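Each residue of the sequence shown is one higher than the one before, counting from 7 in this note's numbering.
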Amino acid sequence: MSSSTAHNDKSNQSPHDHAPKPDQVRIIVNDQPVVLNGPHQTGASIKQAAISQGVPIQPDFVLSEIRPNGHQKVIPDDARVTLKDGDEFWAIPGDDNS
């Protein structure tokens with residue numbers, strides 16, 4: 007009787023798969039889900055994606071990231087951010103009466 011051993015040799019598989027895959031990130035803006043294509047975004051692109059997906063905000067709203075400690079960090083329109091699934095943001099009208 008011969009014993010056969012199955013080998014799962016993955017050394018011939020490239021760690022870099024060049025097939026195009028959507029790198030979607032799911033975040034929350036004003037308690038509503040928003041899906042973005044790729045983790046690298048700006049404040050403006052986050053707001054634009056939220057608007058296009060039905061979140062009732064305007065492009066001139068102030069965007070803030072809700073940090074794990076509960077504090078908020080303002081994200082300017084031109085700021086580059088790296089997103090991960092589950093990140094939460096809040097967009098509110100700006101206060102010009104300072």
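Beta carbons are placed, not taken as given, at the ideal position from N, Cα and C, and that holds for glycine. Everything numeric in this text was worked out from a predicted model, so none of it was measured.
Take residue i and list the residues in its own chain whose beta-carbon comes closer than 6 Å to its own, dropping the five residues that flank it on each side.
i   : result
D83 : G49 and A50
When you compare only the Cα positions, how much space is there between residue i and residue j?
i   : j   : result
Q54 : F67 : 11 Å
P65 : I52 : 10 Å
H77 : E94 : 11 Å
Q38 : I98 : 14 Å
K79 : A85 : 12 Å
W96 : T88 : 16 Å
P74 : P62 : 24 Å
S58 : I33 : 14 Å
If residue i and residue j are in contact, beta carbons under 8 Å, what's the gap, nearest whole angstrom?
i   : j   : result
D91 : V31 : 6 Å
Please classify residue i as buried or exposed, where buried requires at least 16 neighbouring CB atoms within 10 angstroms.
i   : result
P26 : Confidence at P26 is low in this model, with a pLDDT of 41, below 50, so its placement is unreliable and the value that follows should be read with caution. By the neighbour-count rule (16 or more Cβ atoms within 10 Å), P26 is not buried but exposed.
Q47 : buried
With a CB to CB cut of under 8 Å and the five nearest residues on each side skipped, what residues in its chain are close to residue i?
i    : result
D29  : N43, G44 and P45
G100 : D66, F67 and V68
- Query: Okay, do the region 67-77 and the region 41-48 touch, 3+ Cβ pairs below 8 Å being the bar?
  - Reply: no
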